[in-house]
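According to my numbering, the residues represented by the sequence shown are 8 to 388, in order. Encoded as structure tokens, the structure appears first; notes follow it.
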Amino acid sequence: MQKLAKRVAQAQRQSGKRLQKQAEAERNNYKLRNRQALRGAVSEVRENLLDARRARKENWEMGPLAPKRDLGFNGYGMFAEGVRSDWSNYGLYSPRPELVEKRCAWAGGVKMFNLAVQDRVVILDGPDRGKIDRIRSINLQTGHVTLENHHRAISAGMFGNDSRSQPMPIAIDCIRLVYPITNPETGETKDTIINQVKGVPPNMKSPNMTFERWENGKKWDRVVPGINVIIPWPEVQAPEYTTHPADTIREKVEERTFYYGLLSPPMPEQVLDELRNKYSKFRTRHEEWYVQKREAEEAATQAEKESVLSMQTPLEEFHAMQRELRAARGEPELTEEMLEKLGAIIAQKKELALKDAGVSEVVSAKNGSKPSESTTTTPPQ
Numbered sequence: 008m009q010k011l012a013k014r015v016a017q018a019q020r021q022s023g024k025r026l027q028k029q030a031e032a033e034r035n036n037y038k039l040r041n042r043q044a045l046r047g048a049v050s051e052v053r054e055n056l057l058d059a060r061r062a063r064k065e066n067w068e069m070g071p072l073a074p075k076r077d078l079g080f081n082g083y084g085m086f087a088e089g090v091r092s093d094w095s096n097y098g099l100y101s102p103r104p105e106l107v108e109k110r111c112a113w114a115g116g117v118k119m120f121n122l123a124v125q126d127r128v129v130i131l132d133g134p135d136r137g138k139i140d141r142i143r144s145i146n147l148q149t150g151h152v153t154l155e156n157h158h159r160a161i162s163a164g165m166f167g168n169d170s171r172s173q174p175m176p177i178a179i180d181c182i183r184l185v186y187p188i189t190n191p192e193t194g195e196t197k198d199t200i201i202n203q204v205k206g207v208p209p210n211m212k213s214p215n216m217t218f219e220r221w222e223n224g225k226k227w228d229r230v231v232p233g234i235n236v237i238i239p240w241p242e243v244q245a246p247e248y249t250t251h252p253a254d255t256i257r258e259k260v261e262e263r264t265f266y267y268g269l270l271s272p273p274m275p276e277q278v279l280d281e282l283r284n285k286y287s288k289f290r291t292r293h294e295e296w297y298v299q300k301r302e303a304e305e306a307a308t309q310a311e312k313e314s315v316l317s318m319q320t321p322l323e324e325f326h327a328m329q330r331e332l333r334a335a336r337g338e339p340e341l342t343e344e345m346l347e348k349l350g351a352i353i354a355q356k357k358e359l360a361l362k363d364a365g366v367s368e369v370v371s372a373k374n375g376s377k378p379s380e381s382t383t384t385t386p387p388q
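This is the structure we're talking about:
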């Protein structure tokens, strides 16, 4: 059984290493594809910048004779790389966390992000600068949002399809929240650009709290620091689930229909063999008859090895007996007499070595000290 357990452990290790290599190869493949897609998107952005500079120069030099580029048939300003509409590349790419945190800093950070879909925001950068729009979607993985009506581009159709207008992602630090605030001195209410929003701990007793928001939305309130104005969240709608004829009702799901005891298997043994694959090399649980069979085979192998000892020659028996005696005695220990004899032999060899070298004594110089004057050196005869 030890050999069988060792084989199972070895198979598990080999399978784990194989799966690890496959996962590593798959990750490298994803990284390569993502790098190629990002490189293509950046190259297209650079080409668009060069086209815009060329068009600006032509408009300046040619005036009314400059070619019209807004007709739609020449492909000017269109983009063909799908990564430009989602810089996360469908979740394959994530920028540095410091960059995402910096983009979301004014809105409370990534953990307590204080923007939601349908919030009104103003654009601070780009050709649509100064325009107000509503948030369509939020991507916290890259720190971008998309708007409903502005900051859009024409996407070139693929596989012969027509081009269409598509919202483009804009960085969160390029927008600011817009909310109507009443001036306490004049009583006038007008849209105000909120440059910073912070989150406060959840409070069930907040006047802006609803049951739908507590269950399905964000529980904390967002406050404008300095004026302590709470900006309510957009209305949260509870999700509606539609029941279809193929769905199982909750009563049937919670009803217990399977009972089993400790004295009988939960299902027939034939079904267990089909589920577990009794011939698998990863199997660790075996039937009693199989365990007894393996133990009998191991006992027979051991008996065969022991039977060889009965055919030893007298010399082999003597050697085996000597090995047993040496193992019983253990490691030899040096006695006082042995140590004295070893010291005498070392002193005698030292004296002969000094005599052959032509010196009387050797003193080692430590800590930069000079050798003693008693040391004499005589040239060899």
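Yeah, the Cβ is synthetic: ideal placement off N, Cα and C, and Gly gets one too.
Nearest to residue i (by Cα), restricted to the options the options
i    : options                  : result
E422 : A123, N41 and A73        : Since the first residue of the chain shown is 8 and the last is 388, residue 422 is not available in this structure.
G98  : T153, E108, K38 and E242 : K38
Y100 : Y297, K348 and R46       : R46
L131 : R183, E311 and P214      : R183
S50  : Q244, E311 and F86       : F86
S92  : M318, Y83 and V152       : V152
N202 : T193, D140 and V185      : V185
L279 : G268, E294 and K288      : E294
A160 : M211, D198, Y83 and K75  : Y83
K288 : A16, E347 and Q9         : A16
A123 : R60, I238 and R257       : I238
R229 : K212, Y248 and K205      : K205
N121 : E304, K225 and P74       : K225
N200 : E258, T193 and K138      : Note that residue 200 corresponds to Ile in the displayed sequence, not to Asn. For the residues E258, T193 and K138, the minimum Cα distance to I200 belongs to K138.
Integer Cβ distance of residue i from residue j, believed to fall under 8 Å
i    : j    : result
W227 : V207 : 6 Å
S170 : A163 : 6 Å
A245 : N215 : A245 to N215, Cβ: 17 Å. No contact.
V90  : A62  : Between A62 and V90 the Cβ distance is about 24 Å, and since that is not below 8 Å, they are no contact.
For residue j and residue i, the rounded distance between their alpha carbons
i    : j    : result
G365 : E344 : 32 Å
G150 : R136 : 19 Å
T250 : T189 : 46 Å
V128 : I142 : 7 Å
N66  : N81  : 17 Å
K357 : G350 : 11 Å
E331 : R20  : 39 Å
A114 : V231 : 10 Å
A335 : H326 : 14 Å
T382 : L359 : The predicted position of T382 is uncertain, since its pLDDT is 45 and thus under 50; no value can be drawn from it.
A306 : A18  : 25 Å
N284 : T255 : 31 Å
S95  : P176 : 10 Å
L57  : E105 : 31 Å
S22  : K28  : 10 Å
R333 : E313 : 22 Å
I179 : P209 : 24 Å
T385 : A354 : Residue placement at T385 cannot be trusted, given a pLDDT of 47 that sits under 50; the coordinates are not used to answer.
S271 : A44  : 58 Å
Y297 : T308 : 17 Å
F218 : R257 : 23 Å
E262 : Y248 : 22 Å
For residue i, the residue or residues it bridges with in DSSP
i    : result
I182 : I130
F86  : S162
L154 : I142
I200 : V185
D228 : V207
P174 : R159
V236 : V231
Same chain, Cβ closer than 7 Å to residue i, five either side skipped, listed in chain order
i    : result
V117 : V107, E108, C111 and L147
A12  : none
Beta-carbon proximity list for residue i, same chain, < 8 Å, skipping 5 on both sides
i    : result
I234 : I188
N55  : G84 and F86
Own chain partners of residue i with C-beta closer than 6 Å, once the 5 adjacent residues on each side are dropped
i    : result
Y267 : P273
N156 : D140
P241 : A123 and Q125
S144 : T153
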